[in-house]
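Here is the structure we will look at.
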Amino acid sequence: MDCSIIEKLKSNELEFCKNWSNKTIDLNDSFCVLSNRDLKGDYFLNRVILTNVIGVSNRDERKITSVVSKLKEISKQQVIDAYVHIDDNFSSFKSILEKNGLREIDKLAGLVNVVEDQKSFSLNEFEIQKPLSKEETYELLSFTDKLDDWLNVYSSAFGIDMAKRATIRAILQKENFRDSKFILYKQKSDYNRNRQNLKPIGCCLLFPTNEALGVYCLGTDQRYRNRGIASSIIDYAITYAKMNGFDFIGLQALHSDRIQGFYQRRHFKKVYTNTIYSLPCR
446 MDCSIIEKLK SNELEFCKNW SNKTIDLNDS FCVLSNRDLK GDYFLNRVIL
496 TNVIGVSNRD ERKITSVVSK LKEISKQQVI DAYVHIDDNF SSFKSILEKN
546 GLREIDKLAG LVNVVEDQKS FSLNEFEIQK PLSKEETYEL LSFTDKLDDW
596 LNVYSSAFGI DMAKRATIRA ILQKENFRDS KFILYKQKSD YNRNRQNLKP
646 IGCCLLFPTN EALGVYCLGT DQRYRNRGIA SSIIDYAITY AKMNGFDFIG
696 LQALHSDRIQ GFYQRRHFKK VYTNTIYSLP CR
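Take 446 as the starting number for the sequence shown in my numbering and just add one per residue.
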């Protein structure tokens, strides 16, 4: 895979996470901390990016230990949890980080799909349990629109606490998301066939930066899972990318979600893996 594509995907991921942060601590010689206390425990959005440390020799334990000490101090002063994301190409840092109190909690895979090579997906037997009717539509919303239906699906899909909805709404309706598109998938099912309106049951957010189109917040209402809805949304996202001049789309998958295989079956290729380490505040 072209290294420039990987860097564009990583940059897209970082910019997306920055937009969720309400506290950014940047030590140019060491690391950058992105944090939002209202989203405590989310180690995808809340993260620490090591900077100059990556250029240090893997054997320079003193330098790395010094950086971790600074991070511990800031974590304690600001009362924030620190989640350090390290590319697996630098996995030799692992023993040093663990020696200094960090522990591995998960892995994150970055995946890319070259849209010009993509074909529509066919549903397999594992994705059709209770087929929905053929009536379906996609709504393309912007950050200035009412996002109630989108937030309802997103909250159901990811088990979001209702208390966090106001925070999430405020974040997504910031100017930072002015170029983003919120996809809301609606379909008429046997359960609501007598209603005039289609039911919102799927969602995702398209986040464009630097020639890359990031796919985030891809989810399905918990009551309608395993019916091929996520595949349909990805198909739509690929069509959107083609129509708007993007060469590829990218997304991330946490190892703990056990969903990487789902994306790879849809022709996404894993191009990097980050190990996530936790440093709880004390």
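No residue lacks a Cβ here, since even glycine has one placed at the ideal position from N, Cα and C.
Asked: Residue 602 vs residue 666 beta-carbon contact at 8 Å; Found: yes
Asked: Residue nearest to residue 606 in terms of C-alpha spacing, selected from 680, 487, 493, 467; Found: 487
Asked: Helix, strand or coil at residue 720 according to DSSP, with G and I counted as helix; Found: strand
Asked: From 680, 495, 528, residue whose alpha carbon lies closest to that of residue 489; Found: 528
Asked: Residue 586 beta carbon less than 8 Å from that of residue 651; Found: no
Asked: Opening and closing residue of the alpha helix (DSSP H) in which residue 685 lies; Found: 674 to 688
Asked: Cβ pair residue 691, residue 658 closer than 8 Å; Found: yes
Asked: For residue 550, the nearest candidate out of 492, 687, 612 (CA to CA); Found: 492
Asked: Contacting residues, own chain, Cβ-Cβ under 7 Å from residue 548 (five flanking each side not counted); Found: 722, 723
Asked: Where residue 512 sits in the DSSP three-state scheme; Found: helix
Asked: Per DSSP, the bridge partner or partners of residue 662; Found: Looking at the DSSP assignment, residue 662 forms no beta bridge with any residue, so it has no partner.
Asked: Spatial neighbours of residue 468 in its chain, beta-carbon cut-off 6 Å, leaving aside the 5 residues before and after; Found: 480
Asked: The segment 666 to 677 in contact with the segment 516 to 524 per 3-pair CB rule at 8 Å; Found: no
Asked: Per-residue DSSP class, three states only, for residue 449; Found: helix
Asked: Cutoff 6 Å; reference residue 645; Cβ partners in own chain excluding five residues on either side; Found: 594, 598, 629, 631
Asked: Near the ligand GTP: residue 483 beta-carbon under 7 Å from a heavy atom; Found: This structure simply doesn't include the ligand GTP, nor any ligand for that matter.
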